[in-house]
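Written out below as structure tokens is the structure these notes cover.
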Amino acid sequence: MRKIMLLNAKGGCGKSTLATNLASHYASQGKSVVIADFDRQGSSMDWLEARPQDRPPIRGIAAWRDPVRVPRTTDYVIMDVPAGAHSAELTALVRRAHTLLIPVLPSPTDIRAAAHFIHELLLVGKIVRDETRVAVVANRVRENSTVQHTMESVLNSMKISYSTLNTQIYHNLERFLSRLKIPFIATLRESNNYLVADARGLGIFDLTPAQVARDIEQWEPLLKWLDSRRSMPDAAK
Ligand SMILES: Nc1ncnc2c1ncn2[C@@H]1O[C@H](COP(=O)(O)OP(=O)(O)OP(=O)(O)O)[C@@H](O)[C@H]1O
Ligand SMILES: [Mg+2]
Numbered sequence: 217m218r219k220i221m222l223l224n225a226k227g228g229c230g231k232s233t234l235a236t237n238l239a240s241h242y243a244s245q246g247k248s249v250v251i252a253d254f255d256r257q258g259s260s261m262d263w264l265e266a267r268p269q270d271r272p273p274i275r276g277i278a279a280w281r282d283p284v285r286v287p288r289t290t291d292y293v294i295m296d297v298p299a300g301a302h303s304a305e306l307t308a309l310v311r312r313a314h315t316l317l318i319p320v321l322p323s324p325t326d327i328r329a330a331a332h333f334i335h336e337l338l339l340v341g342k343i344v345r346d347e348t349r350v351a352v353v354a355n356r357v358r359e360n361s362t363v364q365h366t367m368e369s370v371l372n373s374m375k376i377s378y379s380t381l382n383t384q385i386y387h388n389l390e391r392f393l394s395r396l397k398i399p400f401i402a403t404l405r406e407s408n409n410y411l412v413a414d415a416r417g418l419g420i421f422d423l424t425p426a427q428v429a430r431d432i433e434q435w436e437p438l439l440k441w442l443d444s445r446r447s448m449p450d451a452a453k
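Residue numbering for the sequence shown follows the working numbering, beginning at 217 and increasing consecutively.
Listed below in structure tokens is the structure:
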């Protein structure tokens, strides 16, 4: 049973979006999936309610209220943790996961806040490294934003590939992460496809392939990492 937790102290960075998309991806592969929603806003539970009956089922647990009891046959438990969970509460939550995924928005403030948050998780001892693996996902990166556009033309003139571009934007975070040996695993663009899927209780993987090809391509490094032993703590291998 894989336990994957989405968290970040900041609100609105994509925790629930990544949780529901991961859950629907694994469900569409025939896996048995539970979403444990620790956020009393209940975004993931609302999403499940909108999910059509003819889609592969996903079980939901209102974990802010009910105990997280899952059948032994469960393949994936995806945990959606509220923004602002702190101290003792946070410690108790992160100890439930093998793998922590931290979505980060591409603003300097968000990047700094994420760096502090990871620092707190690691150095204040909430995470024991052989019990938990952590990775960061850049989310809602605008492909045509002015900053990006400018950087892109500069980088093009320097013949640096497009994939390096996002690394540039997250340069500071990446430096911080590499010192702590935490991978910066994927960059997801700002895309209306997430909103379209969310409104229907689906993930982007359920939409017309041609429509979501670019988004799915961006998920590949994340899914590959999650499938690999690198995302599993030593204690659980
Ligand atoms: N890559 C993306 N492209 C476009 N919209 C996105 C993307 N990721 C998230 N969103 C939208 O941004 C909003 C915030 O995302 P989401 O609810 O997943 O964040 P959250 O971290 O769970 O927020 P909260 O802290 O309130 O729980 C939602 O409306 C969601 O649909
Ligand atoms: Mg949420």
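Even for Gly, the Cβ is constructed at its ideal location relative to N, Cα and C.
Query, Result
"Cut-off 7 angstroms between Cβ atoms - residues of its own chain near residue 449, not counting five sequence neighbours on either side", "314, 346, 347, 348, 349"
"Heavy atom of ligand 2 within 7 angstroms of residue 262 beta-carbon", "no"
"Boundaries (first-last residue) of the alpha helix (DSSP H) holding residue 286", "Residue 286 -> no alpha helix (DSSP H), and no H or E assigned at all."
"Alpha helix (DSSP H) segment containing residue 261, residue limits", "259-266"
"Contacting residues, own chain, Cβ-Cβ under 8 angstroms from residue 429 (five flanking each side not counted)", "none"
"C-beta contact flag for residue 358 and residue 230 at 8 angstroms", "no"
"Backbone CA spacing between residue 364 and residue 405 [nearest angstrom]", "Interpretation of residue 364 is limited by its pLDDT of 46, a score under 50 that renders its predicted location unreliable; no figure is taken from the coordinates."
"Residue 277 and residue 252 closer than 8 angstroms at C-beta", "yes"
"Where residue 252 falls: helix, strand or coil (DSSP)", "strand"
"Check: residue 232 C-beta below 7 angstroms from any heavy atom of ligand 1", "yes"
"For residue 233, the first and last residue of its enclosing alpha helix (DSSP H)", "231-244"
"Continuous alpha helix (DSSP H) assignments of at least 4 residues falling wholly in the segment 390-444", "408-415, 425-443"
"Unbroken beta strand (DSSP E) run spanning residue 215, endpoints", "Beyond the ends of the chain as shown, which are 217 and 453, falls residue 215; an answer cannot be given."
"Beta bridge counterpart(s) of residue 354 as assigned by DSSP", "320, 403"
"Range covered by the beta strand (DSSP E) that runs through residue 276", "275-277"
"Three-way DSSP call (helix, strand, coil) for residue 348 in this model", "coil"
"Reference residue 414, options 239, 218, 283, closest by Cα", "239"
"For residue 381, three-class secondary structure by DSSP", "Unreliable positioning characterises residue 381 in this predicted model, as indicated by a pLDDT of 45, which lies under 50. The coordinate reading is nonetheless provided below. Helix at residue 381."
"Validate contact between the segment 292-305 and the segment 217-225 using beta carbons, cut 8 angstroms, 3 pairs", "yes"
"Rounded separation between residue 320 and residue 354 - CA only", "5 angstroms"
"CA-to-CA distance, residue 270 to residue 330, given in whole angstroms", "38 angstroms"
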